[in-house]
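Okay, structure first, notes after.
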Amino acid sequence: MTGPSTPTTELVTFGETMALFAARRTGPMRFARDFDLGLGGAESNVAIGVARLGHRAAWVGRVGADEFGDLIRSTLRGEGVDVRAIADPDAPTGLMIKGRRTADLIDVRYYRRDSAGSRLCAADLDPELIRSARVLHVSAITPALSGTARDAVRHAIAEARAAGVLVSLDVNYRKALWTPDEAGAWLRETVGDVDVLFATEAEGRLIADVEGPSELAGALAKLGPRHVLIKFGAEGAMELSGGVELRADPYDVTEVDPVGAGDAFAAGWLADWLAGAEPAQRLSTACAAGAFAVTSQGDWESLPRRADLSLLRRPADGVSR
């Protein structure tokens, strides 16, 4: 007799992942001469983070039938992510250009209009993949890309809820994609159908215009989410779950590149939820993952593995021997 089947994946996510050109020189972008080529995308960052922390993650998306699309597929597979990518012959892979205007100011430009990723639609999603997972993670970037992408998010959430799959949403507001009013309207329509909500204070106020982080978390929880995570950046984070509020102090690290910290935070929290960790441990791991993400260039390269988490309690001389 065989035992119950194991889900092919624990976390499913989908969205647009782009080729990323990062300027090596600090200053105006027009003076940049050398770039590092990589990739970046909020949802694929989460998939990598969850995979590195020991869980099975799948990413679904559209890429161009081009070299950048090949780069995205091969890199994600190399990180242990189950890649369900459609190579679109009629649209290119989107581009992200990242520079450093000053030592303390990151300048990010997106070139994603009519990209392959923006053509994502509900038919691209495998219902069985979603139903067999334990977590569906989405971001509010995807519905801002196009009408078909918005329909895909709605369809995926409905499939997950019907199957009892935990639904996680990261607000991830992008002003280049839609206005605060547009984003707020969609979020208020959707937040009642999610179990876990990740947001900064400013993002949370797109949904509920309430002052004070505790009051804001309470207002958001009343709309439906069982777990509300409010991120304070370098000041730590808080979680409201089941009426119980937890706070976590930040880790003391040297920030090199802040892009991707929120995705790392979500990955850390979700990985610990999958592992059955206690709330305080989940929040601590989320903050640790976010701290690791800012310590080097790149959106996901510094995401930690389990063995890395203790490194933030480093020796006084900063040398691991």
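Numbering (UniProt numbering), first residue to last: 1 to 321.
Glycine residues also receive a C-beta, built at the ideal position from the N, C-alpha and C atoms.
Note that the structure is predicted; figures quoted are calculated from it, not measured.
CA-CA distance, residue i and residue j?
i	j	result
C121	R282	33 Å
L145	G298	23 Å
G242	A202	23 Å
V138	R226	16 Å
E235	G290	12 Å
T285	L309	8 Å
D151	L187	14 Å
A307	W273	18 Å
L20	E159	32 Å
L223	T102	40 Å
residue 336	A116	Given a span of 1 to 321 for the chain in the structure shown, any question on residue 336 remains unanswerable.
Starting from the C-beta of residue i, find all residues in its chain whose C-beta is less than 8 Å away, skip the five residues before and the five after it, and write them out in chain order.
i	result
T9	R56, A57, A58, D82, L129, S132, A133
E245	S214, A217, M238, E239
Just to confirm the assignment, what range does the alpha helix (DSSP H) spanning residue i have?
i	result
A288	279 to 293
R306	No alpha helix (DSSP H) holds R306; DSSP gives it neither H nor E.
A42	42 to 52
V165	Careful: V165 lies outside any alpha helix (DSSP H) and carries neither H nor E.
Assuming residue i contacts residue j under a Cβ cut-off of 8 Å, what Cβ separation, rounded to an integer in Å, is found between them?
i	j	result
residue 383	L136	This structure gives no information on residue 383, because the portion of the chain shown stretches from 1 to 321.
V63	D88	7 Å
S44	L11	So it is not a contact: roughly 12 Å between Cβ atoms.
R112	G94	4 Å
Within a Cβ cutoff of 6 Å, which residues of the same chain sit near residue i, ignoring the five residues on either side of it in sequence?
i	result
P258	V294
A264	G49, A289, G290, A293, L303
R52	L303, R305
Name the DSSP beta bridge partners of residue i, please?
i	result
Y110	M96
V194	Its beta-bridge partners do not exist; DSSP assigns none.
K231	T200, A237
G61	A85
T102	L105
Just reading off the beta strand (DSSP E) that residue i is part of, what are its end residues?
i	result
L11	11 to 14
H137	135 to 139
I86	82 to 88
A22	18 to 26
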